[in-house]
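Numbering (the numbering used here), first residue to last: 3 to 129. All residues carry an ideal CB built from backbone N, CA and C; glycine is no exception. Notes for the one structure printed next.
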């Protein structure tokens with residue numbers, strides 16, 4: 003598993019490029035909540051928006067995840083743990099007033115960028 007990229011994946015880079023093209027500036031690789039040992043893929047700290055781009059395999063996409071043929075039980079548990087951690091992260095952030103946006107890697111990331119821009123602008127206007 004160590005050979006798999008944890009950050010700067012192709013979908014993340016594509017989304018960040020789309021956000022930058024739309025004039026949005028953001029932070030990457032930071033913890034939205036310092037006490038929570040989890041980082042978001044894209045963070046807008048002042049607007050309190052955290053964005054995650056979830057990989058179909060690692061996060062158990064309902065449309066595309068297929069269990070491994072060998073050691074399927076081990077992988078199944080790993081994916082379940084990832085999904086549980088994703089859910090607990092979302093809850094923890096929302097409890098602290100953050101807007102959490104999650105997108106699958108197979109989604110149209112240009113549309114995702116539009117949704118993110120609208121959300122960030124709305125939350126900034128409310129400040």
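For the ligand COA, is there any heavy atom lying closer than 7 angstroms to the beta carbon of residue i?
| i | result |
| --- | --- |
| residue 9 | For the structure depicted, the ligand COA is absent and the ligand set is empty, with no information on it obtainable. |
With DSSP as the reference, identify every bridge partner of residue i, one or two as the case may be.
| i | result |
| --- | --- |
| residue 1 | The requested residue 1 is not part of the displayed model; the chain covers only 3 to 129. |
Starting from residue i, trace the beta strand (DSSP E) in both directions and tell me its first and last residue.
| i | result |
| --- | --- |
| residue 44 | 44–46 |
Tell me the residue span of the alpha helix (DSSP H) that contains residue i.
| i | result |
| --- | --- |
| residue 24 | That residue, residue 24, is in no alpha helix (DSSP H); it is neither H nor E in DSSP. |
| residue 119 | 111–127 |
Buried or exposed for residue i, going by 16 or more other Cβ atoms inside 10 Å?
| i | result |
| --- | --- |
| residue 120 | exposed |
| residue 15 | exposed |
| residue 64 | exposed |
| residue 31 | exposed |
| residue 49 | buried |
| residue 129 | exposed |
| residue 86 | exposed |
| residue 99 | exposed |
| residue 127 | exposed |
| residue 25 | exposed |
| residue 3 | Below a pLDDT of 50, predicted positions are generally treated as unreliable, and residue 3, at 46, falls in that range; the measurement from the model is reported next regardless. With fewer than 16 Cβ atoms within 10 Å of its Cβ, residue 3 is classed as exposed. |
*Evaluate contact between the region 75–83 and the region 40–52, counting only Cβ atoms and requiring at least three cross-stretch pairs below 8 angstroms.*
no
*Kindly confirm or deny that the region 24–41 and the region 104–111 touch, where touching means at least three C-beta pairs closer than 8 angstroms.*
no
*For the region 14–28 and the region 111–119, state whether three or more C-beta atom pairs, one from each stretch, are separated by less than 8 angstroms.*
yes
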